[in-house]
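Reading through the structure tokens given below for one structure.
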Amino acid sequence: MRGGKTLLSDTSFTIFPQHRIGLIGKNGCGKSSLFALFRDELQLEEGELQLPNEWRIASVAQETPALARSAIDYVMDGDQGFRAAEQALQAAEAKGDGHAIAHSHEQLAQLGAYDIRSRAAMLLDGLGFLPEQIEQPVSAFSGGWRMRLNLAQALIAPSDLMLLDEPTNHLDVDAIFWLESWLKSYSGTLVIISHDRDFLDNVATDILHVENQVISSYTGNYSQFEHQRAEHLMQQQ
33 MRGGKTLLSD TSFTIFPQHR IGLIGKNGCG KSSLFALFRD ELQLEEGELQ
83 LPNEWRIASV AQETPALARS AIDYVMDGDQ GFRAAEQALQ AAEAKGDGHA
133 IAHSHEQLAQ LGAYDIRSRA AMLLDGLGFL PEQIEQPVSA FSGGWRMRLN
183 LAQALIAPSD LMLLDEPTNH LDVDAIFWLE SWLKSYSGTL VIISHDRDFL
233 DNVATDILHV ENQVISSYTG NYSQFEHQRA EHLMQQQ
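Under the numbering used here, the first residue of the sequence shown carries the number 33, and numbering increases by one thereafter.
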């Protein structure tokens with residue numbers, strides 16, 4: 033229940049690791065509330081949602097402050113483990129603690145920190161930023177381009193479950209094609225809310241359809257879901 037409205041009732045679903053799920057349904061049916069449940073921002077009144085305790089969850093921030101921070105540094109902030117290790121190294125260097133410095137360097141290497149800047153630059157390039165733009169401050173970009181920065185932040189974050197809400201909004205065709213390719217190579221589990229049927233056809237391996245407070249699972253992309261659902265409705269007549 034959210035805002036006094038029951039969103040889901042007497043329903044269950046399973047998300048399999050490494051699958052790419054399109055989460056679809058009419059506006060207000062509970063898709064965003066499911067994302068809030070995944071992020072532990074909303075509590076169930078009844079039932080349970082089980083996720084592996086060790087799963088790291090990445091999602092796209094909906095707001096972007098007008099920061100003086102450069103675009104590429106802002107994207108790198110998406111890897112919180114890297115930033116924490118970087119700060120630990122700076123603290124160790126300030127103290128002159130050789131053991132802590134060596135430990136921090138080892139930790140940074142394990143986190144892939146020494147190529148994180150090039151990885152961030154590749155993400156920004158794929159999302160349509162020019163090389164000269166990546167050092168510009170976040171505040172220099174319009175709202176749509178800031179959303180691309182937030183998307184890049186989510187993509188660079190180490191994750192086992194990625195939640196994307198209308199990721200093709202604010203993207204041109206070239207950036208959408210690039211994103212499709214990137215997501216198909218993503219090694220974790222992906223859940224996407226999208227009204228872009230072509231995008232779901234190209235990316236989704238499964239569909240979760242929310243309707244009348246029930247979640248139904250379908251194998252395949254959006255076109256395959258439409259075919260299966262049409263057959264199911266015909267059988268009910």
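The beta carbon of each residue, even a glycine, is placed where N, CA and C say it ideally should be.
Query - Which listed residue (N253, C61, Q267, L159) has its alpha carbon closest to that of W210 - result: Residue L159 holds the alpha-carbon nearest to the alpha-carbon of W210 among N253, C61, Q267, L159.
Query raised in the report: Between I247 and the rest of its own chain, which residues show a CB-CB distance below 6 Å, the 5 nearest in sequence each way excluded?
Result: For I247, same chain residues with a beta-carbon under 6 Å away, outside a window of 5 residues either side, are T43, F45, L240 in chain order.
Requested in this report: Please report the residue range of the beta strand (DSSP E) in which V170 lies.
Outcome: No beta strand (DSSP E) contains V170, which DSSP labels as neither H nor E.
Requested in this report: Measuring alpha carbon to alpha carbon, tell me which of R229, I47, Y218 ends up nearest L187.
Outcome: Of the listed residues, the one whose Cα sits closest to L187 is Y218.
Requested in this report: Taking all protein chains shown into account, decide if D238 is buried (16 or more other Cβ within 10 angstroms of its Cβ) or exposed.
Outcome: Burial call: buried.
Query raised in the report: What residue range is occupied by the uninterrupted beta strand (DSSP E) comprising A90?
Result: Following the DSSP letters along the chain, one finds A90 inside the beta strand (DSSP E) bounded by residues 89 to 91.
Requested in this report: Could you check how far apart the C-beta atoms of A184 and V107 are, in whole angstroms? I think they sit under 8 Å.
Outcome: Contact holds; Cβ gap of about 4 Å.
Report task. Go through its chain and collect everything with a Cβ distance to D228's Cβ below 6 Å, but skip five positions before and after it. Result -> So the qualifying residues of the chain are T200.
Requested in this report: Work out the CA separation of Q245 and M33 for me, nearest whole Å.
Outcome: Note on M33: pLDDT 47, under 50, position unreliable in the model; the coordinate value appears next. Answer to the nearest angstrom: the Cα atoms are 10 Å apart.
Query raised in the report: Where in the segment 97 to 152 do unbroken runs of the alpha helix (DSSP H), each at least 4 residues long, occur, reported from the N-terminal end onward?
Result: Look at the segment 97 to 152 and you find these whole runs of alpha helix (DSSP H), each 4 residues long or longer: 103 to 108, 112 to 127, 130 to 142.
**Report entry** For A116, the nearest candidate out of A126, L140, H131 (CA to CA)
**Finding:** Cα-wise, what sits closest to A116 is L140.
Query - Same chain, Cβ closer than 7 Å to G113, five either side skipped, listed in chain order - result: If we look at G113 and ignore the five residues flanking it on each side, its Cβ neighbours are L143, P190.
Query - C-alpha distance - R178 paired with V170, whole-angstrom precision - result: Roughly 7 Å separates the two Cα atoms.
Query raised in the report: Taking the alpha-carbon positions, what's the P49 to I89 distance?
Result: The straight-line gap from Cα to Cα measures roughly 13 Å.
Query - Y250 in three-state terms, based on DSSP - result: When DSSP states are grouped into helix, strand and coil, Y250 belongs to the strand group.
Requested in this report: Label G130 either buried or exposed according to how many other C-beta atoms from any shown protein chain fall within 10 Å of its C-beta, with 16 as the threshold for buried.
Outcome: Exposed, because fewer than 16 other Cβ atoms sit within 10 Å of the Cβ of G130.
Query raised in the report: If you draw a straight line from the alpha carbon of K216 to that of D233, how long is it in whole angstroms?
Result: Rounded to whole angstroms, K216 and D233 show a C-alpha spacing of 12 Å.
Query raised in the report: When the Cα atoms are used, what is the spatial distance from E164 to I208?
Result: Roughly 21 Å between the two C-alpha positions.
**Report entry** Where M33 sits in the DSSP three-state scheme
**Finding:** For M33, the predicted structure reports a pLDDT of 47, less than 50, and the residue's modelled location is therefore unreliable. The matter cannot be settled from this model.
Report task. Could you pull out every residue in the same chain whose Cβ sits closer than 8 Å to the Cβ of I148, ignoring the five residues on either side in sequence? Result -> Within the same chain, I148 has close Cβ partners M108, D111, F114, I188.
Query raised in the report: Would the beta-carbon of I225 fall within 8 Å of that of E258?
Result: Taking 8 Å as the cut-off, the Cβ atoms of I225 and E258 do not count as close.
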